[in-house]
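Residue numbers (this note's numbering), protein chains in the order written: chain A, 1 to 458; chain B, 1 to 271; chain C, 1 to 309. From the three backbone atoms N, C-alpha and C, an ideal C-beta is built for every residue, glycine too.
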Amino acid sequence: MKKSINKIAALAIAMTMAAGLIAGCSTKNSESTDSDKSVTQEGSNETVSSDDYSQPLPEDYEGTLTMWGWDDPYYKAVTDAFMKKYPNVKFEYTPMANGDTLQKYQTALATGTELPDVAWSIIDSRAKVFELDMWEDLSHAPYNFDISEVYEYLHPKMVNSKGQVCGIEQSLCPAGIAYRKDLAKEYFGTDDPKELEKMFPDWKSFIAKGQEVYEKSGGTIYMWPGLADAQQFIREQGGKTWIDGTVIKVTENFQRSLNLTCEFRDTNIVDKLEAWTPAWYASFGEGKHIFAGCATWSVPFTIEPNDPEGETTGHWGLMNAPEGNISWGGTTLGISKTCKDKRLAWEFIRFATLSTEGAKALNSIGLLTSAIKPYEEAPELKSFKSKWFGDQDLGAYFLDEIIPNIKSRNMNLDDNVVHETLNLISTTLNNDRNMTADQAMAKLKEELEMKLPDYTVE
Amino acid sequence: MIKLKKLLFIIPLLVISVISLIPFYFIISMATHSTSEIYQGNLLMFGGKLVENIQTIIEGGFLRYYWNSFYTASISGILCVFISAMAAYALTIYRFKGREFLSNFILASMMIPGQISLIGYTIEMKNLNLINTHIPLILVWGASAYGVFFITQYLKNSLPKELIESARIDGSGEFRTFISIAMPMIRPAIGTLFMLVFLWSWNNFLMPSTVLTQSNKFTIPLGIQTLATAYTQDWGARGAALAIAVLPILIIFSIGSKYFIKGLAAGAVKG
Amino acid sequence: MKRAYGKVKSIQKWPYLFLLPYLGFYFMFFIYPTIYSFMISLTNWDSVAGEANRKFVGFANYVRLFTQDKLFYKSLGNTFLFMIIYIPILILGGLLLAVLLYKLRKTSRLFQTINVLPYITTPVAIGIIFSFLFDWSTGIVNNVLIQIGILTEGINWLGSGTMARLVVIILIIWKNVGYYLLIYLAGLSTIPEEISEAAKVDGANSFQVFWKITVPFLKPITIFLLLTSIISGFQLFDEPYLLFSNINSSIGGPDRSCLTLMIYFFDQTFKSSTRLGYGAAVSYGIFVIVLIVSIIVSKIINRKEETEE
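Have a look at this one:
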């Protein structure tokens with residue numbers, strides 16, 4: 001015992017000694033960061049005065065842009081097209097998990113290290129990421145971006161709480177549902193999207209038909225691969241903001257989706273696959289699940305790579321979801337305050353998101369630009385097809401059928417925490433087959449109160 | 001009868017050894033399969049996609065992580081060994097004011113979890129402009145209480161003080177005595193400590209993830225974590241990356257297991 | 001001896017010179033950041049709000065941590081639960097295996113090497129490997145259990161709180177048992193053979209020899225393993241963190257049943273919220289608990305020793 005007192009005393013003395021050291025150092029530190037800041041500000045002022053951002057850059061312009069991202073095909077398609085126009089521009093790309101966006105940016109900010117010149121932001125954590133002190137406001141000089149250039153339903157997803165436009169959506173991410181034509185024909189007697197939409201006006205009819213399928217197939221064919229993605233789809237149909245001031249509106253926003261999810265589970269119409277696991281991916285090639293949520297990016301990302309047969313049989317179709325469609329996913333491009341060549345960064349973002357050339361590059365990988373004008377300048381951009389979907393014009397369907405049916409919600413700072421907690425609940429519901437919707441609701445509230453103690457949970 | 005008894009000993013040991021190795025087997029197996037084969041879940045047999053998978057991850061820049069980890073861990077090991085050996089030498093050979101206090105002090109700080117300083121250290125490194133370099137990963141090893149403790153234990157038991165005395169009488173300087181007499185005597189401890197620090201540095205994940213943001217600076221653990229993103233749906237490539245990240249180091253340590261195992265045990269048994 | 005040192009005056013500066021580099025590093029890169037973290041823990045520094053809005057808030061973070069933060073207590077409970085289960089298994093398992101292996105001297109090295117491999121494998125990799133092995137539908141564990149007929153339907157290992165905890169415990173035991181084995185083996189080799197021989201001559205059976213001679217002899221090693229595993233138990237992070245790193249996984253796994261103190265610290269500071277100040281307070285909270293637990297454990301051990309003597 002005597003020994004341990006000795007040890008603790010030694011430790012305490014050491015700490016007090018070092019405390020003096022720190023007091024000296026920390027004041028020095030704050031000075032140095034201040035001077036750093038003023039340097040960068042001067043730098044940016046210079047570029048402002050020397051350049052007109054509304055004009056295109058000369059084609060022999062030289063420069064380098066850094067980016068951290070998670071969507072390699074998108075990155076390749078867009079930068080290749082850009083470099084064709086500006087051959088002397090180079091890109092440095094760092095792969096990053098989209099779930100790590102907040103962590104990486106805030107680490108860089110806290111440690112004062114380099115942020116990417118062109119910064120991406122995924123929808124899940126975007127509200128928080130946009131609050132970081134790292135974004136150029138694109139709606140102001142010198143960029144003077146006019147937000148009405150892009151589809152209106154995206155506007156709330158591109159601004160932060162101060163009304164600054166921190167990024168422009170890479171592409172439209174509308175999601176309806178995809179269905180297996182062969183299975184639809186077998187169980188519903190039709191594979192026409194219009195007919196099916198009539199058959200499934202709401203989730204009630206979805207459940208009723210699902211039970212028929214369950215009986216007919218002896219429980220081998222499901223309506224949907226997993227509970228979590230079904231739950232996510234339904235809750236996003238709400239289109240209402242989750243958090244109002246310091247109140248999280250849980251009952252209003254999630255009761256219905258939890259009720260339906262439980263009903264799906266109890267009627268056995270949904271399989272048990274956990275979203276984004278190998279089995280879930282593989283399910284797209286197995287022909288055991290009739291429907292799945294389908295955003296524009298789902299086609300090249302989840303359906304095509306996992307369903308080798310689909311390329312020749314074209315056995316997929318796209319339709320409006322019962323009770324409306326959702327905006328699913330989405331990533332913005334913005335300019336960081338520390339960007340070394342803001343002129344070039346803006347040129348690139350404008351090219352990638354607003355220009356017709358950029359839209360063509362997107363179209364080549366099956367994505368739809370979020371800007372309105374390119375579709376007017378080149379109407380063929382409205383259309384794209386995938387062999388997996390036969391001759392259905394996916395582009396036109398997304399634009400003309402799916403998008404008008406989307407309710408979009410405003411973002412809140414702690415959406416990412418709510419989202420993460422909902423995942424937790426979905427997992428529990430999937431595993432504990434006896435849990436009722438009310439129990440799930442109670443659990444959700446309890447978890448949120450733990451995770452976000454500063455809010456009232458309603 | 002004796003044989004039967006021996007068998008009774010061997011069987012549980014064999015079972016445990018097989019369990020120890022099974023995960024590695026499946027990682028190698030995964031590295032040899034294509035994604036769709038992995039989806040089907042039959043990994044008992046090896047497949048034929050090893051070369052493709054390895055090519056994929058080498059193109060993804062995985063060798064760079066290797067080099068980063070390797071040199072960072074090596075320098076960390078050397079730094080820790082030297083500084084710890086000097087400090088331990090001072091604490092065992094000399095009698096001086098404050099010796100007792102310092103020994104206790106170092107011992108006490110072994111009880112403090114390193115993560116407690118993580119936030120402060122990260123900000124300190126920021127102020128020193130060392131973020132996105134490997135220097136922060138190395139510097140901490142100059143302050144390893146465990147290193148000092150480890151070498152002190154060894155010195156106490158295996159360095160005859162008479163040897164130092166006679167060197168002094170022969171007129172050898174203090175530093176030379178340390179380098180030419182003490183260091184060679186404790187070579188096994190130095191080797192072991194180097195291997196341990198190398199390993200810890202190699203495996204470290206938390207600190208690199210707060211001080212490194214550029215992918216060309218990543219070390220192996222960060223590389224492994226990022227893989228999940230770079231190859232979202234290429235499970236074969238993920239397997240290959242895991243295999244490449246894990247196996248060579250295991251083979252090297254198996255070859256040197258004689259020293260390593262002894263060293264691992266020494267700290268505990270003598271302490 | 002003492003006289004010899006005193007005679008040569010110039011030697012006296014040498015111990016300090018030898019210690020200087022270590023102490024330099026120690027103060028700059030350990031003591032300083034440790035205290036700096038403490039200062040940060042007294043502020044409301046949030047990366048989102050920026051450094052300019054950092055304010056001194058006294059012990060508010062600590063008050064909140066210890067009086068209101070249920071998740072902190074939950075993660076503390078999880079961490080304790082893990083330790084209470086796996087430490088006894090590791091100590092007992094390591095000891096038994098060591099005794100078995102000690103009898104087979106020839107093959108000893110090979111077994112030791114094989115069994116220590118998991119211990120030296122990169123923890124991040126282990127987390128990912130186990131998430132493959134225990135995947136519900138494509139994982140090898142379920143496939144094997146179904147094929148040999150133990151299960152008819154795969155277990156959702158990583159989907160249920162209890163099962164996920166089990167996986168973490170299996171992982172830790174798998175990783176560490178070889179190390180415990182090794183340490184005990186080294187300890188066994190220090191027991192003079194005459195003692196157990198003599199006991200056998202006196203008519204003791206092997207079980208008695210094990211219980212009356214081997215176990216007491218290895219006691220210092222057991223204490224060492226106990227203390228180090230408590231300290232490392234509080235730092236458990238990499239493996240459970242990577243085990244649940246899938247896109248839709250939630251932090252700390254299903255029901256947050258595998259949320260350890262370190263994961264909570266990391267999540268609060270860098271991941272789902274950005275509060276450096278609060279995060280620093282969490283890390284100090286962890287330290288205080290480690291300190292208390294270590295002191296309690298050493299007290300218990302010391303008391304036992306006294307009564308035995």
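Discussion item. So, for Gly252 (chain C): in the same chain, excluding its five sequence neighbours on each side, which residues have a beta-carbon less than 6 Å away from its beta-carbon?
Written reply: Here residue 252 (chain C) refers to the residue found at position 252 of the third sequence. The answer, listed in chain order, is Cys258, Leu259, Ile263.
Worksheet item: How long is the line joining the alpha carbons of Lys451 (chain A) and Leu50 (chain B), rounded to whole angstroms?
Response: In the first sequence, residue 451 (chain A) corresponds to position 451, counting from 1. In the second sequence, residue 50 (chain B) corresponds to position 50, counting from 1. If you take the alpha carbons of Lys451 (chain A) and Leu50 (chain B), they lie about 44 Å apart.
Worksheet item: How is Met67 (chain A) classed by DSSP in three states: helix, strand or coil?
Response: Numbered from 1 along the first sequence, position 67 holds the residue referred to as residue 67 (chain A). In the displayed model, Met67 (chain A) falls within a strand according to three-state DSSP.
Worksheet item: Which two residues bound the contiguous alpha helix (DSSP H) that contains Lys70 (chain C)?
Response: Walking along the third sequence from the start, residue 70 (chain C) turns up at place 70. In the DSSP annotation of this structure, the continuous segment of the alpha helix (DSSP H) that includes Lys70 (chain C) starts and ends at 70-102.
Worksheet item: Taking the Cβ atom as the reference point for each residue, do Ser408 (chain A) and Pro156 (chain A) lie within a distance shorter than 8 Å?
Response: Along the first sequence, one-based indexing puts residue 408 (chain A) at 408. Along the first sequence, one-based indexing puts residue 156 (chain A) at 156. Pro156 (chain A) is positioned such that its CB atom lies closer than 8 Å to that of Ser408 (chain A).
Worksheet item: Taking buried to mean at least 16 other C-beta atoms within 10 Å of its own C-beta, is His517 (chain A) buried or exposed?
Response: The first residue shown for chain A is 1 and the last is 458, placing residue 517 (chain A) beyond what the model contains.
Worksheet item: Terminal residues of the continuous alpha helix (DSSP H) containing Tyr505 (chain A)?
Response: The structure shown does not extend to residue 505 (chain A), since chain A is modelled only from 1 to 458, so the question has no answer here.
Worksheet item: How many Å lie between Pro116 (chain A) and Leu100 (chain C) at the Cα?
Response: The residue you call residue 116 (chain A) lines up with position 116 of the first sequence. The residue you call residue 100 (chain C) lines up with position 100 of the third sequence. The alpha-carbon atoms of Pro116 (chain A) and Leu100 (chain C) are separated by roughly 57 Å.
Discussion item. For chain B, check one thing: does any of its Cβ atoms lie closer than 8 Å to the Cβ of Ser35 (chain A)?
Written reply: For the purposes of this step, residue 35 (chain A) is identified with residue 35 of the first sequence, where counting begins at 1. With a pLDDT of 40 at Ser35 (chain A), under the threshold of 50, the predicted position of this residue should be treated as unreliable, and no value is reported.
Worksheet item: By Cβ distance, which residues of its chain are closer than 6 Å to Gly69 (chain A), with the 5 residues on each side in sequence left out?
Response: The residue you call residue 69 (chain A) lines up with position 69 of the first sequence. Tyr75, Trp120, listed in sequence order.
Practice prompt. Using only alpha-carbon positions, find the residue among A:Pro379, A:Phe301, A:Phe291 that is nearest to Cys173 (chain A).
Written response: If you number the first sequence from 1, residue 173 (chain A) lands on position 173. Ranked by Cα distance from Cys173 (chain A), the options A:Pro379, A:Phe301, A:Phe291 are led by A:Phe301.
Worksheet item: Looking at chain C, which residues of the region 392-403 of chain A have a Cβ within less than 9 Å of any of its Cβ atoms?
Response: So nothing in the stretch comes that close.
Practice prompt. For the region 248-275 of chain C, enumerate the residues whose C-beta is nearer than 8 Å to any C-beta of chain A, in chain order.
Written response: Residues of the region 248-275 of chain C with a Cβ closer than 8 Å to any Cβ of chain A, in chain order: Asn248, Ser249, Ser250, Ile251, Pro254, Asp255, Arg256, Phe270, Lys271, Ser272, Ser273, Thr274.
Item to complete: May I ask you to report which of helix, strand or coil DSSP gives Ser121 (chain A)?
Response: Along the first sequence, read from residue 1 onward, the residue named residue 121 (chain A) stands at position 121. In the structure shown, Ser121 (chain A) sits in a strand (DSSP, three-state: E or B).
Discussion item. Could you check whether Phe27 (chain C) and Thr107 (chain A) sit closer than 8 Å to each other, using their CB atoms as the reference points?
Written reply: The residue given as residue 107 (chain A) occupies position 107 in the first sequence. The residue given as residue 27 (chain C) occupies position 27 in the third sequence. No.
Item to complete: Taking only runs that begin and end inside the region 172-248 of chain A, name each unbroken beta strand (DSSP E) of 3 or more residues, in chain order.
Response: 174-180
Worksheet entry | Interface positions of the region 270-295 of chain A facing chain C (Cβ-Cβ less than 8 Å), listed along the chain | Lys272, Leu273, Glu274, Ala275, Trp276, Thr277, Pro278, Ala279, Ala282
Practice prompt. Over the uninterrupted beta strand (DSSP E) stretch that includes Thr331 (chain A), give me the two end residues.
Written response: Residue mapping note: residue 331 (chain A) aligns to position 331 of the first sequence, counting from 1. Where Thr331 (chain A) is concerned, the enclosing beta strand (DSSP E) stretches over 331-335.
Worksheet item: Is the beta carbon of Ala97 (chain A) less than 8 Å from the beta carbon of Ala178 (chain A)?
Response: Stepping through the first sequence from its first residue, residue 97 (chain A) is reached at position 97. Stepping through the first sequence from its first residue, residue 178 (chain A) is reached at position 178. The answer is no: Cβ separation not under 8 Å.
Discussion item. I want to see whether chain C comes within less than 8 Å of Gln255 (chain A), judged by CB atoms only; does it?
Written reply: Numbered from its first residue, the first sequence carries residue 255 (chain A) at position 255. Gln255 (chain A) does not count as touching chain C.
Worksheet item: Given a limit of 9 Å on CB to CB distance, which residues of the region 320-347 of chain A reach chain B?
Response: Taking 9 Å as the Cβ-Cβ cut-off against chain B, none of the residues of the region 320-347 of chain A qualify.
Fill in: Where Phe56 (chain C) falls: helix, strand or coil (DSSP)
Along the third sequence, read from residue 1 onward, the residue named residue 56 (chain C) stands at position 56. Three-state result, Phe56 (chain C): strand.
Worksheet item: For the candidate residues A:Glu263, A:Thr94, A:Glu304, whose alpha-carbon lies nearest to that of Ser226 (chain B)?
Response: Counted from its first residue, the second sequence places residue 226 (chain B) at position 226. A quick correction: the sequence has Thr, not Ser, at residue 226 (chain B). If we check each option's Cα against that of Thr226 (chain B), A:Thr94 comes out closest.
Worksheet item: Along the chain, which unbroken stretches of the beta strand (DSSP E) at least 3 residues long are found entirely within the region 64-90 of chain B?
Response: none
Practice prompt. Please list the partners that Ile274 (chain B) has in chain C, where partner means a Cβ-to-Cβ separation under 9 Å.
Written response: Because chain B is modelled from 1 through 271, residue 274 (chain B) falls outside the range shown and cannot be assessed.
Worksheet item: Roughly how many angstroms lie between the CA atoms of Ala345 (chain A) and Leu65 (chain A), to the nearest whole one?
Response: Locating residue 345 (chain A) in the first sequence gives position 345, where the first residue counts as 1. Locating residue 65 (chain A) in the first sequence gives position 65, where the first residue counts as 1. The straight-line gap from Cα to Cα measures roughly 7 Å.
Item to complete: Using the DSSP secondary-structure output, state which residues sit across from Met163 (chain C) in a beta bridge.
Response: Taking the first residue of the third sequence as position 1, residue 163 (chain C) is located at position 163. Met163 (chain C) is not bridged to any residue.
Worksheet item: Going by other Cβ atoms of all chains shown within 10 Å of its Cβ, with 16 needed for buried, is Asn144 (chain A) buried or exposed?
Response: Numbered from 1 along the first sequence, position 144 holds the residue referred to as residue 144 (chain A). Its Cβ having fewer than 16 others within 10 Å, Asn144 (chain A) is exposed.
Worksheet item: What runs of the beta strand (DSSP E), each 3 residues or longer, lie entirely inside the region 259-328 of chain A?
Response: 291-295, 316-319
Worksheet item: What is the DSSP secondary structure of Val48 (chain C), counted as helix, strand or coil?
Response: Within the third sequence, the letter at position 48 stands for residue 48 (chain C). Three-state result, Val48 (chain C): coil.
Discussion item. Extract the residue ranges of the alpha helix (DSSP H) inside the region 36-65 of chain B, only unbroken runs of 4 or more that lie entirely within it.
Written reply: 50-59
Fill in: Distance, Ala81 (chain A) Cα to Glu357 (chain A) Cα
The residue you call residue 357 (chain A) lines up with position 357 of the first sequence. The residue you call residue 81 (chain A) lines up with position 81 of the first sequence. Approximately 8 Å, taken between the alpha carbons.
Fill in: Three CB pairs or more closer than 8 Å across the region 186-201 of chain A and the region 158-175 of chain A
Result no; under three Cβ-Cβ pairs closer than 8 Å.
Discussion item. Using a Cβ-Cβ cutoff of less than 7 Å, which residues in the same chain neighbour Ile286 (chain C) once the five nearest sequence positions on both sides are dropped?
Written reply: Counting from one through the third sequence, the residue named residue 286 (chain C) turns up at place 286. Hits under 7 Å: Phe234, Leu261, Phe265.
Practice prompt. Would you list the residues sitting across from Tyr93 (chain A) in a DSSP beta bridge?
Written response: Taking the first residue of the first sequence as position 1, residue 93 (chain A) is located at position 93. According to DSSP, Tyr93 (chain A) bridges with A:Met67.
Discussion item. Which same chain residues end up closer than 6 Å to Ser383 (chain A) when comparing Cβ atoms and leaving out the 5 residues on each side of it in sequence?
Written reply: Taking the first residue of the first sequence as position 1, residue 383 (chain A) is located at position 383. Result list for Ser383 (chain A): Asp393, Gly395, Ala396, in chain order.
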